[in-house]
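>
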Amino acid sequence: IFTSFMLYLNMWGGFMEFINLSSTAATLLITLYSRAAMSRSKMILEDKKAEEIISLAGYDEKKLKVSLKLQALLTLRAYLMDQYTKDFIKRYNGNCNIIQLGCGLDSRYSRIKEERIKWYDLDLYGTMLMRKKYYKNSLNYKMITSNVCNLSWIDEIDCLSKPTLIIGEGLFMYLNKEENELVLNELCKKFTNCEIIMDVFNTHSVRFSRFAPSLRRVNANLKFGFNNHKVLEQMCPLEHIETMYYYDCDKINDLPIFTKLRFNFRRKTGLFKKVQRIEVYKVKKSGK
């Protein structure tokens with residue numbers, strides 16, 4: 064009885080940790096569960112760390128009601144960003160920085176397993192308090208506790224001139240336009256050899272995000288989206304490199320037949336293709 068009671072307390076404690084997060088930070092539970100579920104089913108990518116954390120937290124996954132479609136989209140997003148990160152590291156032979164803003168409990172550093180680089184994960188105090196239960200700082204890996212808009216965190220990056228990839232997965236859409244403009248312009252000033260990869264929504268999705276069941280459950284709303292990549296180029300000195308669409312990823316063939324058919328239909332017809340996507344930019348060189 065005592066053992067069962069202690070197990071219950073441990074599970075409730077993990078549950079309360081998630082509940083006590085801010086609404087935006089609590090969205091990490093949706094992405095974490097999605098990757099864990101896909102990993103358990105051996106679809107899209109392997110994320111043993113996500114499986115482990117979800118299990119240790121003891122959270123009732125059914126309460127989230129994350130659809131298979133959303134699980135797949137979030138995991139496709141992670142996979143595509145993983146691939147771009149690997150390519151970036153290879154391009155510079157490991158002599159580079161990777162900075163992940165709003166990292167949540169993401170395990171990208173563990174998934175990529177590249178020890179030559181300097182990797183920085185940044186998030187809010189409450190999230191980092193949780194993260195440090197599952198991850199440890201090391202010589203080439205550092206966790207930074209900060210609000211992304213409090214730009215003093217940049218001082219903790221060892222070499223700003225080194226080729227740098229900044230990852231904003233599930234982040235910039237939760238900042239308003241003014242916050243996005245502030246952060247992106249400062250990044251462009253500080254990092255001279257830098258690329259930024261982010262996932263974005265179109266304006267229609269942002270407008271109706273308050274009706275999304277999974278976001279409503281954690282009381283989070285999208286604040287910023289755009290339909291044309293030139294929007295950011297007009298806000299700050301960024302140059303567009305590439306757009307990636309989830310439905311074009313060959314990993315959709317890993318999905319159950321009906322989900323795969325649904326995604327393939329959207330890919331071929333273009334329906335909803337541009338609703339969610341990944342945009343990649345580079346900081347313009349001075350004088351351009």
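Just so you know, we're using this note's numbering here: the sequence shown kicks off at 64 and counts up by one.
Glycine residues also receive a C-beta, built at the ideal position from the N, C-alpha and C atoms.
Is the beta carbon of Cys222 closer than 8 Å to that of Val346?
no
> Whole angstroms is fine: what's the gap from Met193's alpha carbon to Arg174's?
19 Å
> Give the DSSP-derived three-state secondary structure of Tyr344 in the structure shown.
strand
> Report all residues from its chain with a CB closer than 7 Å to the CB of Cys166; omit the five preceding and five following residues, and keep chain order.
Within the same chain, and ignoring the five residues on either side of Cys166 in sequence, the residues whose Cβ sits closer than 7 Å to its Cβ are Asp184, Leu185 and Asp186.
> Could you please give me the residues that DSSP links to Cys257 through a beta bridge?
Per the DSSP secondary-structure output, Cys257 pairs in a beta bridge with Thr227.
> What does the alpha-carbon distance come out to for the pair Ala141 and Gly333?
21 Å
> Report the rounded CA-to-CA distance for Ser86 versus Phe264, giving the unit in angstroms.
With a pLDDT of 49 at Ser86, under the threshold of 50, the modelled position of that residue is not reliable, and the figure given next carries that caveat. Here the C-alpha atom of Ser86 lies approximately 19 Å from the C-alpha atom of Phe264.
> Please confirm whether Ile230 and Ile207 have their CB atoms less than 8 Å apart.
no
> Might you give, ordered along the chain, the residues of its own chain that have their beta carbon closer than 8 Å to the beta carbon of Leu234, omitting 5 neighbours on each side?
Leu164, Gly165, Val211 and Met261
> Confirm, please, whether the CB-CB distance from Asn160 to Ile217 is below 8 Å.
no
> With distances taken between CB atoms, is the gap from Lys286 to Leu238 smaller than 8 Å?
yes
> What residue range does the alpha helix (DSSP H) around Tyr188 cover?
Tyr188 to Arg194
> Could you check whether the segment 138-157 touches the segment 96-112, counting it as contact only if at least three pairs of C-beta atoms, one from each stretch, sit closer than 8 Å?
Contact holds: three or more Cβ-Cβ distances are below 8 Å.
> Decide if Arg340 is buried, meaning its Cβ has at least 16 other Cβ atoms within 10 Å, or exposed.
Buried: at least 16 other Cβ atoms inside 10 Å.
> What separation, rounded to the nearest whole angstrom, lies between the Cα atoms of Trp182 and Lys153?
Our two residues, Trp182 and Lys153, have alpha carbons roughly 15 Å apart in a direct line.
> Just reading off the alpha helix (DSSP H) that Tyr198 is part of, what are its end residues?
Segment: none, Tyr198 is in no alpha helix (DSSP H) and carries neither H nor E.
> Can you tell me whether DSSP reads Val263 as helix, strand or coil?
Strand at Val263.
> Tell me whether Ile304 sits in a helix, a strand or coil according to DSSP, three-state version.
strand
> Using a Cβ-Cβ cut-off of 8 Å (strictly less than) and excluding sequence neighbours within five positions of Ser215, which residues of its own chain qualify?
Ser209
> So what does DSSP say about Leu285, is it helix, strand or coil?
coil
> Identify which residue in Pro300, Ser97 and Ile315 has its Cα closest to the Cα of Val246.
When only C-alpha atoms are compared, the closest one is Pro300.
> Using 10 angstroms around the beta-carbon of Leu250, count the other beta-carbons present and answer buried if the total reaches 16, otherwise exposed.
buried
> Go ahead and pull the three-state DSSP assignment for Met144.
helix
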